[in-house]
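Visitor: The sequence shown finishes on residue 288 if you use the numbering used here, and the numbering steps up by one all the way, no holes. One structure, pasted below without further comment.
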Amino acid sequence: MKKSFILILYLASFILYPPAIIFAVEVTPRISDREIIEGLADIRGDIKELRAEIKANTEAVKQLREDNTDATKQLREDIRWMFGTLVTIAVVVLGFMLCMQWQMYRRQTQMETTLETRKDELSFLKSLIEKLLPPKGVL
Numbered sequence: 150m151k152k153s154f155i156l157i158l159y160l161a162s163f164i165l166y167p168p169a170i171i172f173a174v175e176v177t178p179r180i181s182d183r184e185i186i187e188g189l190a191d192i193r194g195d196i197k198e199l200r201a202e203i204k205a206n207t208e209a210v211k212q213l214r215e216d217n218t219d220a221t222k223q224l225r226e227d228i229r230w231m232f233g234t235l236v237t238i239a240v241v242v243l244g245f246m247l248c249m250q251w252q253m254y255r256r257q258t259q260m261e262t263t264l265e266t267r268k269d270e271l272s273f274l275k276s277l278i279e280k281l282l283p284p285k286g287v288l
């Protein structure tokens, strides 16, 4: 059944679309050698223009790279300067703090020595007062 259906379809296609030789010939336009040479010259001119544009673009890219390199160098110099300033400020603050600590230490040692001398003086005065006071049962 299937084979017969396919065979009928195949035969119907030959009946509906008979194979025929078609004699349609398209005439090609005549192009002279001069036109071909002019076309090639135009193409060569376009190629030269494209090469010039590519060269200009290459130069522009090189210039942009140089500008980018210069900007990066300037940025690094600025960062170094700022870091140097920061380190200088930190050293100054640290020096100030150490100076203040040294002064505080000197004052503390002076106070301790005066307190020691006064303590010795007070103990001496106390012993003198005890010696000069009469005994408890006398008065």
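Note that CB positions come from ideal geometry on N, CA and C, so glycine has one too.
#1: What did DSSP end up calling M150 once you bin it into helix, strand or coil?
#2: Please state whether DSSP places I180 in a helix, a strand or coil.
#3: Alpha carbon to alpha carbon, how far is Q257 from W251? Give it in angstroms, no decimals.
#4: Can you tell me whether E175 is helix, strand or coil according to DSSP?
#5: Please state whether DSSP places K204 in a helix, a strand or coil.
#6: Alpha carbon to alpha carbon, what distance is there between A190 and D182?
#7: Work out the CA separation of L160 and F154 for me, nearest whole Å.
#8: Quick check: the Cα distance between I180 and G194, rounded to an integer number of angstroms?
Guide: Reading it off the structure:
#1: Locating residue 150 in the sequence shown gives position 1, counting from the first residue. M150: coil per DSSP, three-state reduction.
#2: One-based indexing of the sequence shown puts residue 180 at position 31. DSSP places I180 in coil when its eight states are reduced to three.
#3: Residue numbering aside, residue 251 sits at position 102 when the sequence shown is read from its first letter. Residue numbering aside, residue 257 sits at position 108 when the sequence shown is read from its first letter. Using only the alpha carbons, I get a separation of about 10 Å.
#4: As a working mapping, residue 175 is identified with position 26 in the sequence shown. Residue state for E175 is assigned as coil, using DSSP reduced to three classes.
#5: As a working note, residue 204 is residue 55 in the sequence shown. DSSP places K204 in helix when its eight states are reduced to three.
#6: By 1-based counting over the sequence shown, the position of residue 182 is 33. By 1-based counting over the sequence shown, the position of residue 190 is 41. Going from the Cα of D182 to the Cα of A190 covers about 12 Å.
#7: Within the sequence shown, the letter at position 5 stands for residue 154. Within the sequence shown, the letter at position 11 stands for residue 160. In a straight line, the C-alpha of F154 is about 10 Å away from that of L160.
#8: The residue you call residue 180 lines up with position 31 of the sequence shown. The residue you call residue 194 lines up with position 45 of the sequence shown. In a straight line, the C-alpha of I180 is about 21 Å away from that of G194.
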